[in-house]
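Enquirer: Below is a structure I'd like to ask you about.
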Amino acid sequence: MKSLAELAAAREKYKPTIAMRHDNANAAKIVVGMGTCGIAAGARPVYMKFVELVNEKQLSDVIVVMSGCAGKCPLEPIVEVALPGTEKVTYVRVTPEMAEKIVEGHIIGGKPVAEYAEATAK
Amino acid sequence: MQDLSLHILDLAENSARAGATLLTIELSEHTGQNRLRLQMTDNGAGMGRETLAKAADPFFTTKPGKTMGLGLPLLKEAALQAGGFFSLRGEAGRGLAVTGEFQLDHLDRPPLGDLAETIAVFRLSYPEIRLVLYRLRGEKSYSFDSGPPISGGPGKQDRFAEVLKAREWIRQQEEQLMGG
């Protein structure tokens, strides 16, 4: 931390997390990378797919938010999914079709979709 | 970027990061003059003179730990390639206005894309920012105003239905604009 501006930036960055903590500690969180690289790689329809699925299936306690560039641009669209009390799982090169499986398997089923996860995806 | 609506989403995020509470997007197709004009104005942190001069350089960024920033350069490239121009106006602490102008019927002019989806995504992620859209095509126009900020925090599922409804409304307006 070097300056006030950085402190303000950090506060801004963590605001969603802080808000969530106050709101609901039991929410599942879906974070879609929407920097310039993410958007160019097709993150917007992925984000909307998650929103539509959560709305359609009437899932409660799910938050869908965006984040900036994570420095892994060739792997975009990148989506992080964290269920309450578990480690987050990072999915790479996500498409709207994959979003459907991630919601079914991970958010509803509670099991990460290994074939799409960064650690195991080709 | 495949279309203008994606440029808009990308630059709207810049406004959010600059702490804006109001973002105005003006997208006008002046069919008579064969021009398309995109102007995005916010009341965020703005830029000092030096930053303003460098902001459209891909190898310039103000983000710590990064070496480049491509949002503005990409819009500039797209505008210049399509017989238009690009400009940035603003002052430190007094907001920023980004303008991209295109020759409407230029072969390289990017398509508009899905404006409604861009607005929906931005509204969900940044409910605290008031968003105003002015849209004009020839003689027809419409505007969208999200109204004052809503509480409830970003990305909450209880607001999804409402935002999806707004997306539908904008889609209908776009259809009317394009028809006839």
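So the protein lines, in turn, are chains Z and U. Mapping to this note's numbering: the first sequence position 86 is 183, numbers consecutive. Mapping to this note's numbering: the second sequence position 170 is 239, numbers consecutive. Ideal placement from N, C-alpha and C gives every residue a C-beta, glycine not left out.
Name the DSSP bridge partner or partners of U:F154?
Expert: Taking the second sequence and counting its residues from 1, the one referred to as residue 154 of chain U is at position 85. For U:F154, which the question treats as bridged, DSSP gives the partners U:E170.
Enquirer: Is it right to say U:D183 is buried, meaning 16 or more other beta carbons lie within 10 angstroms of its own, or is it exposed?
Expert: What you label residue 183 of chain U is simply residue 114 of the second sequence in a count that begins at 1. Buried.
Enquirer: Taking only the alpha-carbon atoms, compute the straight-line gap between U:N83 and Z:V162 and give it to the nearest angstrom.
Expert: Translated into the one-based positions of the second sequence, residue 83 of chain U becomes position 14. Translated into the one-based positions of the first sequence, residue 162 of chain Z becomes position 65. Straight-line Cα distance between these residues: approximately 16 Å.
Enquirer: Is it the case that the Cβ atoms of U:D177 and U:G140 are separated by a distance below 7 Å?
Expert: If you number the second sequence from 1, residue 177 of chain U lands on position 108. If you number the second sequence from 1, residue 140 of chain U lands on position 71. No.
Enquirer: Thinking Z:E177 and Z:T187 are a contact (beta carbons under 8 Å), I'd like their distance in whole angstroms, please.
Expert: Sequence index remark: in the first sequence, residue 177 of chain Z carries index 80 (1-based). Sequence index remark: in the first sequence, residue 187 of chain Z carries index 90 (1-based). Contact holds; Cβ gap of about 5 Å.
Enquirer: So, is U:G207 buried or exposed, given that buried needs 16 or more other C-beta atoms within 10 angstroms?
Expert: Sequence index remark: in the second sequence, residue 207 of chain U carries index 138 (1-based). Exposed, since its Cβ has fewer than 16 Cβ neighbours within 10 Å.
Enquirer: Between which residues of its own chain and Z:A124 is the CB-CB distance below 8 Å, once the five residues before and five after are set aside?
Expert: If you number the first sequence from 1, residue 124 of chain Z lands on position 27. Around Z:A124: M117, D158, V159, I160 and P181.
Enquirer: Consider the Cβ of Z:A137: report whether some Cβ of chain U lies at a distance smaller than 7 Å.
Expert: The residue labelled residue 137 of chain Z in the question sits at position 40 within the first sequence. Interface residue, yes.
Enquirer: Taking buried to mean at least 16 other C-beta atoms within 10 Å of its own C-beta, is U:E98 buried or exposed?
Expert: Numbered from its first residue, the second sequence carries residue 98 of chain U at position 29. So U:E98 counts as buried.
Enquirer: Buried or exposed for U:Q241, please, with buried defined as at least 16 other CB atoms from any protein chain shown within 10 angstroms of its CB.
Expert: Here residue 241 of chain U refers to the residue found at position 172 when the second sequence is read from its first residue. U:Q241 is exposed by the Cβ-count criterion.
Enquirer: Identify the contact partners of Z:T187 in chain U, using a Cβ-Cβ distance below 9 Å as the criterion.
Expert: Taking the first residue of the first sequence as position 1, residue 187 of chain Z is located at position 90. Chain U residues near Z:T187: none, gap ~18 Å exceeds 9 Å.
Enquirer: Taking Cβ positions only, does Z:N152 come closer than 7 Å to chain U?
Expert: Sequence index remark: in the first sequence, residue 152 of chain Z carries index 55 (1-based). With 7 Å as the cut-off, Z:N152 counts as an interface residue toward chain U.
Enquirer: Are there three or more Cβ pairs, one per stretch, closer than 8 Å when the stretch 146-156 of chain Z is compared with the stretch 146-162 of chain U?
Expert: Flag = no, the stretch 146-156 of chain Z and the stretch 146-162 of chain U do not touch.
Enquirer: Looking at C-beta atoms only, is the number of pairs between the stretch 89-107 of chain U and the stretch 165-177 of chain U that lie closer than 8 Å three or more?
Expert: Enough Cβ pairs lie closer than 8 Å, so yes.
Enquirer: Distance check for U:R199 and U:I239, CA to CA, integer angstroms please.
Expert: For the purposes of this step, residue 239 of chain U is taken as the residue at position 170 of the second sequence. For the purposes of this step, residue 199 of chain U is taken as the residue at position 130 of the second sequence. Those two C-alpha atoms are separated by around 16 Å.
Enquirer: By the 8 Å beta-carbon criterion, what residues does the stretch 186-197 of chain U contribute toward chain Z?
Expert: Those would be E186, T187, A189, V190, L193 and S194, in chain order.
Enquirer: Could you tell me the distance, in whole angstroms, from the CA atom of U:A189 to the CA atom of U:M116?
Expert: Counting from one through the second sequence, the residue named residue 189 of chain U turns up at place 120. Counting from one through the second sequence, the residue named residue 116 of chain U turns up at place 47. Whole-angstrom Cα-Cα distance: 27 Å.
Enquirer: Would you kindly work out how many angstroms separate the C-alpha atoms of Z:A102 and U:T131, rounded to a whole number?
Expert: Position 5 of the first sequence holds residue 102 of chain Z. Position 62 of the second sequence holds residue 131 of chain U. Near 11 Å, if we compare the C-alpha coordinates of U:T131 and Z:A102.
Enquirer: Report the rounded CA-to-CA distance for U:A143 versus Z:A105, giving the unit in angstroms.
Expert: Locating residue 143 of chain U in the second sequence gives position 74, where the first residue counts as 1. Locating residue 105 of chain Z in the first sequence gives position 8, where the first residue counts as 1. The question names Ala, but residue 143 of chain U is Leu in the sequence shown. One C-alpha to the other measures close to 27 Å.
Enquirer: Is the shortest distance between the beta-carbon of U:A230 and the beta-carbons of chain Z less than 7 Å?
Expert: Your numbering for residue 230 of chain U matches position 161 in the second sequence. Closer than 7 Å to some Cβ of chain Z, the Cβ of U:A230 qualifies, so yes.
Enquirer: Below 8 Å between beta carbons is the criterion; list the residues of the stretch 81-115 of chain U that meet it against any residue of chain Z, in chain order.
Expert: Residues E82, R86 and G88.
Enquirer: Run down chain Z in chain order and give the residues with a C-beta less than 9 Å from the C-beta of U:M70.
Expert: Here the question's residue 70 of chain U lines up with position 1 in the second sequence. Here the neighbours are T133, I136 and A137.
Enquirer: Name the residues in the stretch 119-135 of chain U whose C-beta lies less than 7 Å from a C-beta of chain Z; which are they?
Expert: Correct list: P133.
Enquirer: Going straight from the alpha carbon of U:L270 to that of Z:K208, what length do you get?
Expert: Since the displayed chain U opens at 70 and closes at 249, residue 270 of chain U lies outside it and no answer follows.
Enquirer: Which value, in whole angstroms, describes the spacing of the CA atoms of U:T120 and U:F154?
Expert: For this step, residue 120 of chain U is matched to residue 51 along the second sequence. For this step, residue 154 of chain U is matched to residue 85 along the second sequence. Their backbone Cα atoms lie some 19 Å apart in a straight line.
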